[in-house]
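Participant: Respectively, the protein sequence lines represent chains A and B. Converting from the first sequence to the numbering used here requires adding 28 to each position, the first position being numbered 1. Converting from the second sequence to the numbering used here requires adding 166 to each position, the first position being numbered 1. Structure incoming, see below.
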Amino acid sequence: MRNEHMKKIKHTTVISALAIVTSLLSCKKDKDLSPLPAPVNNPPEVITSLHLTFVDSSNISSVQTFKFRDPDGDGGNPPVQRDTIKISANKTYSVSVSFFDETKNPIANITNEINNEKNDHQLFFNFSGVNVQSFYLDKDGNNLPIGLMNLWRVKATSNGTVKVVLKHQPGIKNNSQSTGESDADVDFQLKIQ
Amino acid sequence: MKFNLKIVILVFISCLAKAQTCNLSFRGCIADADNGEHLSFAIVKLVELDKTLQTNTEGEFEFQKVCAGNYKLLVKHFGCRDTVYNVTIKNSKRITFKLPHAAHNLNEIDIMDKRVEIKSTQTESKLSAEELEKLKGQTLGDVLKNVSGVTTLNTGGTISKPMLHGMQGYRLLLLNNGIRQEGQQWGNEHAPEIDPFIAKRVSVIKGANAIRYGSDAIAGVVLIQPNELPDTAGINGEINLVGLSNGRTGAANAMLEGSFSKIKGFAWRVQGSVKQSGNIKTPNYYITNTGIKEFNYSYALGYHRKKWGVEMYYSQFNTSIGIFRGSHIGNLTDLQNALTRGKPFDSAAVFSYTIGRPNQEATHELIKGLAHYHFASKWRLKLQYAWQYNARKEFDLRRLTNEEKITGIINPDLDLYITSQTVQSILEHDNINNFRGEFGTSYMYQENVYQGRFFIPNYIANSYGIYATERYVKPHFEAELGVRYDVKDLQSYFYNSDKIWTNEKRIFNNLSYNLGLIFKPTQKLNLFVNGGSAWRAPAPNELYSNGVHQGLASIERGDNLLKTEICYNITTSLIYQTTKLKLEATAYHNQFQNFIYLNPTNTLELTIRGAFPVFNYEQANVRISGIDLKGDYQINKHLSMQSKVMFVRGFNKRINDYLIYMPSDRADLGITYSLKETTTIKKTKLQLITQYVNKQWRVPQNTDFAPPPSSYYLVNAELSTQVNFKKQPLCFHFSVVNLLNTVYREYLDRFRYFTDAAGVSYNLRITLPLNLYQPKNKTKDTTS
Numbered sequence: 029m030r031n032e033h034m035k036k037i038k039h040t041t042v043i044s045a046l047a048i049v050t051s052l053l054s055c056k057k058d059k060d061l062s063p064l065p066a067p068v069n070n071p072p073e074v075i076t077s078l079h080l081t082f083v084d085s086s087n088i089s090s091v092q093t094f095k096f097r098d099p100d101g102d103g104g105n106p107p108v109q110r111d112t113i114k115i116s117a118n119k120t121y122s123v124s125v126s127f128f129d130e131t132k133n134p135i136a137n138i139t140n141e142i143n144n145e146k147n148d149h150q151l152f153f154n155f156s157g158v159n160v161q162s163f164y165l166d167k168d169g170n171n172l173p174i175g176l177m178n179l180w181r182v183k184a185t186s187n188g189t190v191k192v193v194l195k196h197q198p199g200i201k202n203n204s205q206s207t208g209e210s211d212a213d214v215d216f217q218l219k220i221q
Numbered sequence: 167m168k169f170n171l172k173i174v175i176l177v178f179i180s181c182l183a184k185a186q187t188c189n190l191s192f193r194g195c196i197a198d199a200d201n202g203e204h205l206s207f208a209i210v211k212l213v214e215l216d217k218t219l220q221t222n223t224e225g226e227f228e229f230q231k232v233c234a235g236n237y238k239l240l241v242k243h244f245g246c247r248d249t250v251y252n253v254t255i256k257n258s259k260r261i262t263f264k265l266p267h268a269a270h271n272l273n274e275i276d277i278m279d280k281r282v283e284i285k286s287t288q289t290e291s292k293l294s295a296e297e298l299e300k301l302k303g304q305t306l307g308d309v310l311k312n313v314s315g316v317t318t319l320n321t322g323g324t325i326s327k328p329m330l331h332g333m334q335g336y337r338l339l340l341l342n343n344g345i346r347q348e349g350q351q352w353g354n355e356h357a358p359e360i361d362p363f364i365a366k367r368v369s370v371i372k373g374a375n376a377i378r379y380g381s382d383a384i385a386g387v388v389l390i391q392p393n394e395l396p397d398t399a400g401i402n403g404e405i406n407l408v409g410l411s412n413g414r415t416g417a418a419n420a421m422l423e424g425s426f427s428k429i430k431g432f433a434w435r436v437q438g439s440v441k442q443s444g445n446i447k448t449p450n451y452y453i454t455n456t457g458i459k460e461f462n463y464s465y466a467l468g469y470h471r472k473k474w475g476v477e478m479y480y481s482q483f484n485t486s487i488g489i490f491r492g493s494h495i496g497n498l499t500d501l502q503n504a505l506t507r508g509k510p511f512d513s514a515a516v517f518s519y520t521i522g523r524p525n526q527e528a529t530h531e532l533i534k535g536l537a538h539y540h541f542a543s544k545w546r547l548k549l550q551y552a553w554q555y556n557a558r559k560e561f562d563l564r565r566l567t568n569e570e571k572i573t574g575i576i577n578p579d580l581d582l583y584i585t586s587q588t589v590q591s592i593l594e595h596d597n598i599n600n601f602r603g604e605f606g607t608s609y610m611y612q613e614n615v616y617q618g619r620f621f622i623p624n625y626i627a628n629s630y631g632i633y634a635t636e637r638y639v640k641p642h643f644e645a646e647l648g649v650r651y652d653v654k655d656l657q658s659y660f661y662n663s664d665k666i667w668t669n670e671k672r673i674f675n676n677l678s679y680n681l682g683l684i685f686k687p688t689q690k691l692n693l694f695v696n697g698g699s700a701w702r703a704p705a706p707n708e709l710y711s712n713g714v715h716q717g718l719a720s721i722e723r724g725d726n727l728l729k730t731e732i733c734y735n736i737t738t739s740l741i742y743q744t745t746k747l748k749l750e751a752t753a754y755h756n757q758f759q760n761f762i763y764l765n766p767t768n769t770l771e772l773t774i775r776g777a778f779p780v781f782n783y784e785q786a787n788v789r790i791s792g793i794d795l796k797g798d799y800q801i802n803k804h805l806s807m808q809s810k811v812m813f814v815r816g817f818n819k820r821i822n823d824y825l826i827y828m829p830s831d832r833a834d835l836g837i838t839y840s841l842k843e844t845t846t847i848k849k850t851k852l853q854l855i856t857q858y859v860n861k862q863w864r865v866p867q868n869t870d871f872a873p874p875p876s877s878y879y880l881v882n883a884e885l886s887t888q889v890n891f892k893k894q895p896l897c898f899h900f901s902v903v904n905l906l907n908t909v910y911r912e913y914l915d916r917f918r919y920f921t922d923a924a925g926v927s928y929n930l931r932i933t934l935p936l937n938l939y940q941p942k943n944k945t946k947d948t949t950s
């Protein structure tokens with residue numbers, strides 16, 4: 029009789045020990061889900077828009093800005109604005125490039141962040157069908173070009189395109205367009221009048 | 167003088183006698199005392215000689231070169247009581263041992279309740295303990311690759327997802343210690359979060375009809391089990407040390423388990439493992455940022471009495487994986503640059519353990535509770551509850567925001583948390599008029615939450631299942647019928663195209679069934695035929711994903727109207743086994759209705775990074791069929807041959823073209839030389855394995871970024887041995903993988919666009935079994 033009683037106590041002790049150990053040793057807290065709210069953390073920054081600002085070096089009050097805008101980012105709705113660049117023949121322009129994240133409110137200007145990481149970024153301009161020479165006006169800490177500030181020598185009247193490419197090249201920047209990942213890659217129609 | 171001569175003669179005669187009688191062969195067969203069924207994979211041990219064997223599929227074993235005398239034979243089998251037989255061997259003979267079933271010996275207090283294994287008519291391929299031993303420290307996918315029919319979908323050398331008959335992810339069910347593994351299976355670079363060191367029993371069930379595990383086991387089921395908790399008093403353990411030269415990988419695992427003589431039936435186990443590796447080296451260069459860090463542990467407690475038992479299990483898996491930097495591309499131009507370059511842009515890189523971005527961090531936790539009760543001599547009830555939590559963070563190689571730079575806290579780009587709870591009840595019955603079977607119900611509640619970038623929605627899913635299987639067993643014939651019905655509801659929460667937080671509910675239900683037959687015309691030949699149907703509900707990413715798949719330069723669009731995917735399957739297997747030859751052949755055919763796949767639309771979508779190709783999730787009628795062959799041949803007592811061949815064919819009837827990402831044809835051939843055993847050095851084996859992998863030329867037109875890589879040929883060599891220092895055994899396993907340092911790329915490796923696969927690696931594994939404490943053994947003799 030006593031033996032059986034002891035046995036029962038033994039059973040209960042072992043089982044409750046199991047239960048206690050189980051509850052004590054568990055574990056990472058899972059995220060509180062209900063009622064499944066919208067995500068709290070914002071998505072990371074993305075580039076949605078690129079602006080090219082042209083200043084005529086013979087007339088610095090003549091400022092033109094051409095834009096590519098895809099405010100909801102990659103995928104989703106198609107880009108809402110894709111300007112044709114119209115500039116004058118036989119002129120010299122200073123051309124600055126700026127980048128924005130329009131998914132943020134207010135719209136975030138990312139140009140400064142790129143400039144802060146200038147050792148890891150470079151812009152490239154590929155012309156086709158037009159006679160334009162582009163020169164870098166800015167340099168990074170390793171004396172390599174960045175491309176946020178440029179000088180364009182525009183020649184005769186023509187129609188063509190310019191591809192503006194922003195490369196992210198952390199630790200591997202070597203003044204080559206085929207290195208690293210493309211953060212922006214936009215084709216603009218270019219009309220030299 | 168006379169006296170001396172007598173002694174000499176006596177010694178001579180006894181030597182002679184010994185020489186004659188020590189060449190005896192002791193053959194036997196282990197059978198279930200209950201129904202006479204022959205028990206395969208039973209452990210038989212000749213205690214005095216310390217020789218252990220495993221019975222073959224016919225339940226047979228053979229000890230060779232046994233001396234005449236009295237022996238104790240210890241027999242262990244899953245679901246049976248460990249039994250010691252006293253055997254007198256005078257001449258070579260064959261004895262059948264009838265092993266009592268655990269459930270029928272409840273009158274003895276020291277016999278603990280054990281799990282009843284209900285085998286099924288399905289084809290099941292297992293990895294032996296020896297095979298598992300030499301795969302320690304590998305990824306789970308690489309371990310499973312050793313089962314015929316299994317290949318892997320790799321993301322470099324460190325991330326590998328098991329693929330059975332060309333199917334993976336949601337189509338291949340993984341059972342970790344009896345619990346279905348629930349994580350973010352949709353990702354091709356999301357390897358199962360399971361510590362391979364836990365896996366002591368690994369088997370793969372082939373065919374779409376493993377209905378007791380779930381309706382969605384379309385390709386089959388992978389079962390990963392730790393050992394049973396010990397049932398004899400004492401403390402045992404094992405230490406594993408692994409070093410691989412490629413990646414300068416180090417891994418260690420330690421396990422301790424025990425049972426007390428004072429509290430009968432109470433058993434415990436603790437286990438932990440760590441692993442670190444650095445950059446993997448191809449024959450010509452290092453692949454940057456391919457390191458791995460892993461830290462895992464588990465523990466189990468069990469308490470078993472005569473008629474009932476409870477068990478709990480906890481495991482935690484933590485990994486941090488570097489993703490090869492050159493594989494992270496911004497757009498199609500980058501991809502084209504990588505393809506024309508043919509090797510990584512930073513191929514001059516050196517070795518490093520550092521894990522930088524892009525990288526992944528994943529944690530998986532599992533708590534399991536199991537209770538079972540024998541309420542009648544042949545009936546058992548099992549209740550199982552499990553809680554699983556899977557957190558996954560993925561970090562892209564991108565510009566840090568000013569805030570991240572200031573705080574130093576980098577937000578993951580993909581941040582997903584999935585919690586799953588499963589409850590199962592199973593009612594099993596043992597042999598009643600040659601029928602055995604089980605009835606079960608299951609319920610799963612699952613929640614997924616994301617932070618940061620959208621890729622799959624938040625969702626709540628409920629799955630309900632009910633099933634029944636019955637198996638009719640006769641010595642030369644078996645038949646099985648199983649039926650299952652499941653309902654799944656999925657409530658998803660996401661931003662719609664107008665940026666409004668919205669939700670949508672879908673309900674799926676269907677029937678799955680299986681009919682299986684086994685014919686055993688002779689002891690040597692078994693023929694398995696299984697047919698049935700399985701289905702799966704479309705996964706949340708297939709329904710709702712919408713956006714750029716980072717690193718792949720493509721836009722993926724889900725379709726929220728996708729229907730249930732249904733698979734009709736027929737699998738036949740043939741097993742032929744003699745003492746010298748073992749042949750296993752499996753042929754299968756899967757006919758899919760509404761197979762869900764990513765279909766290229768041939769349209770491009772403009773983004774600020776250029777034009778991206780668009781892929782839509784669509785459905786088609788598809789067929790996947792193939793053949794797995796496996797053969798072992800014992801040439802003589804030292805030399806044996808092993809071979810493995812597989813073919814898979816996938817065809818999409820809608821586009822009248824091949825299915826993408828099917829494994830190419832491959833064949834393995836191995837030769838093993840076993841050395842003579844001495845008292846101190848045992849199980850010494852030298853093995854040379856060659857593998858030929860054909861080029862996958864059966865690919866759909868215009869859907870891949872690059873043509874499939876060429877065929878390749880690999881050579882591996884292995885040497886394993888067990889050294890006994892007094893009573894302490896120590897196992898060594900040395901191997902050279904990719905011995906010829908062959909440059910190759912595998913079609914099913916997502917890094918093949920960017921880099922060669924890993925080069926030569928010299929691997930050393932040491933296993934140290936521990937016997938720390940053993941009270942006086944109280945085994946009872948049952949037969950004489």
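Beta carbons are placed, not taken as given, at the ideal position from N, Cα and C, and that holds for glycine.
Rounded to whole angstroms, what is the Cα-Cα separation between residue 513/B and residue 452/B?
Facilitator: In the second sequence, the residue the question calls residue 513/B occupies position 347. In the second sequence, the residue the question calls residue 452/B occupies position 286. Each residue's alpha carbon lies about 6 Å from the other.
Participant: Compare the C-beta of residue 196/A with all C-beta atoms of chain B and state if any pair is closer than 9 Å.
Facilitator: Stepping through the first sequence from its first residue, residue 196/A is reached at position 168. So yes, residue 196/A belongs to the interface.
Participant: Could you tell me which chain B residues have their CB closer than 8 Å to the CB of residue 106/A, listed as they occur along the chain?
Facilitator: Taking the first sequence and counting its residues from 1, one reaches residue 106/A at position 78. By Cβ distance, chain B contributes 771, 772.
Participant: Using only alpha-carbon positions, find the residue among 824/B, 781/B, 749/B, 835/B that is nearest to residue 796/B.
Facilitator: Position 630 of the second sequence, counting from 1, holds the residue named residue 796/B. Residue 749/B is the option with its Cα nearest to residue 796/B.
Participant: With distance defined between alpha-carbon atoms, name the residue in 747/B, 511/B, 353/B nearest to residue 800/B.
Facilitator: The count along the second sequence starts at 1 and reaches residue 800/B at position 634. Looking at the Cα atoms, 747/B is the closest of the given residues.
Participant: List the residues of chain A whose Cβ lies closer than 9 Å to the Cβ of residue 495/B, in chain order.
Facilitator: In the second sequence, the residue the question calls residue 495/B occupies position 329. Result: 209, 210.
Participant: Mapping DSSP to helix, strand and coil, what is residue 348/B?
Facilitator: Position 182 of the second sequence, counted from the first residue, corresponds to residue 348/B. In this structure, residue 348/B counts as coil in the three-state DSSP scheme.
Participant: What is the DSSP secondary structure of residue 212/A, counted as helix, strand or coil?
Facilitator: Reading the first sequence from its first residue, position 184 is the one you call residue 212/A. Residue state, collapsed to three classes: strand.
Participant: I'd like to confirm the pairing. Which residues does DSSP put opposite residue 403/B in its beta bridges?
Facilitator: Here the question's residue 403/B lines up with position 237 in the second sequence. Answer by DSSP bridge pairing, in chain order: 422/B, 936/B.
Participant: Which one of 129/A, 198/A, 150/A, 154/A has the shortest CA to CA distance from residue 97/A?
Facilitator: Taking the first residue of the first sequence as position 1, residue 97/A is located at position 69. Here the closest residue by C-alpha is 129/A.
Participant: Helix, strand or coil: which one does DSSP assign to residue 288/B?
Facilitator: Looking up residue 288/B in the second sequence gives position 122. Coil.
Participant: Checking contacts by CB at 9 Å: is residue 655/B closer than that to chain E?
Facilitator: Note that chain E does not occur in the displayed structure, where the protein chains are A and B.
Participant: Return the first residue and the last residue of the alpha helix (DSSP H) that residue 307/B is part of.
Facilitator: Here residue 307/B refers to the residue found at position 141 of the second sequence. Segment 306-310, the alpha helix (DSSP H) holding residue 307/B.
Participant: State buried or exposed for residue 431/B, treating a residue as buried only when at least 16 other CB atoms are found within 10 Å of its CB.
Facilitator: Position 265 of the second sequence, counted from the start, is the residue given in the question as residue 431/B. Buried is the call here.
Participant: Three-state secondary structure (DSSP) at residue 839/B?
Facilitator: The sequence position of residue 839/B within the second sequence is 673, counting from 1. It is a strand residue.
Participant: Under the rule that 16 or more other beta-carbon atoms within 10 Å means buried, what is residue 91/A, buried or exposed?
Facilitator: Taking the first residue of the first sequence as position 1, residue 91/A is located at position 63. Its Cβ having fewer than 16 others within 10 Å, residue 91/A is exposed.
Participant: Counting only runs that start and end within the region 352-399 of chain B, where is the beta strand (DSSP E) found for 3 or more residues in a row?
Facilitator: If we require 3 residues or more, the beta strand (DSSP E) runs fully inside the region 352-399 of chain B come out as 367-372, 386-391.
Participant: Are the C-beta atoms of residue 825/B and some chain A residue less than 9 Å apart?
Facilitator: As a first step, residue 825/B is located in the second sequence; it is residue number 659 there, counting from the start. Chain A contact via Cβ: absent.
Participant: Quick one: Cα of residue 520/B to Cα of residue 528/B, how far?
Facilitator: By 1-based counting over the second sequence, the position of residue 520/B is 354. By 1-based counting over the second sequence, the position of residue 528/B is 362. Approximately 17 Å, taken between the alpha carbons.
Participant: Hey, out of 653/B, 338/B, 638/B, 654/B, whose CA is closest to residue 647/B's CA?
Facilitator: The residue you call residue 647/B lines up with position 481 of the second sequence. It is 638/B whose Cα lies nearest to the Cα of residue 647/B.
Participant: Can you give me the Cβ contacts of residue 488/B inside the same chain, cut-off strictly under 6 Å, excluding the 5 residues immediately before and after it?
Facilitator: On the second sequence, position 322 is the one that residue 488/B refers to. Within the same chain, residue 488/B has close Cβ partners 455, 456, 457, 521, 525.
Participant: Taking 6 Å as the limit between beta carbons, can you name the residues of its chain near residue 461/B, skipping five residues before and five after?
Facilitator: Counted from its first residue, the second sequence places residue 461/B at position 295. These residues qualify, in order along the chain: 440, 484.
Participant: Between residue 407/B and the rest of its own chain, which residues show a CB-CB distance below 6 Å, the 5 nearest in sequence each way excluded?
Facilitator: Within the second sequence, residue 407/B is the residue found at index 241, counting from 1. So the list reads 418, 932, once near-sequence residues are dropped.
Participant: Within a Cβ cutoff of 6 Å, which residues of the same chain sit near residue 808/B, ignoring the five residues on either side of it in sequence?
Facilitator: By one-based count along the second sequence, residue 808/B stands at place 642. Within the same chain, residue 808/B has close Cβ partners 798, 836.
Participant: Please go through the same chain and pick out, in chain order, the residues whose beta-carbon is closer than 7 Å to the beta-carbon of residue 690/B, but skip the five residues on each side of it.
Facilitator: What you label residue 690/B is simply residue 524 of the second sequence in a count that begins at 1. These residues qualify, in order along the chain: 742, 743, 744.
Participant: Does DSSP put residue 146/A in a helix, a strand or coil?
Facilitator: Within the first sequence, numbered from 1, the residue matching residue 146/A stands at position 118. Note: residue 146/A maps to helix in three-state DSSP.
Participant: Report yes if the C-beta distance between residue 219/A and residue 112/A is below 9 Å; otherwise report no.
Facilitator: Taking the first sequence and counting its residues from 1, one reaches residue 219/A at position 191. Taking the first sequence and counting its residues from 1, one reaches residue 112/A at position 84. In contact: residue 219/A and residue 112/A (Cβ atoms closer than 9 Å).
Participant: What does residue 113/A touch in chain B if you count any residue whose Cβ is under 9 Å from its own?
Facilitator: In the first sequence, counting from the first residue as 1, residue 113/A sits at position 85. Chain B residues near residue 113/A: none, gap ~16 Å exceeds 9 Å.
Participant: Check residue 218/A in the structure and name its three-state DSSP category.
Facilitator: As a first step, residue 218/A is located in the first sequence; it is residue number 190 there, counting from the start. DSSP places residue 218/A in strand when its eight states are reduced to three.
Participant: Assign residue 214/A to one of two classes, buried (16 or more other C-beta atoms within 10 Å of its C-beta) or exposed (fewer than that).
Facilitator: Taking the first residue of the first sequence as position 1, residue 214/A is located at position 186. Buried: at least 16 other Cβ atoms inside 10 Å.
Participant: Report the residue ranges of all beta strand (DSSP E) runs contained in full by the region 475-551 of chain B; include only those spanning at least 3 residues, in chain order.
Facilitator: Entirely contained in the region 475-551 of chain B, the beta strand (DSSP E) runs reaching 3 residues are, in chain order, 525-542.
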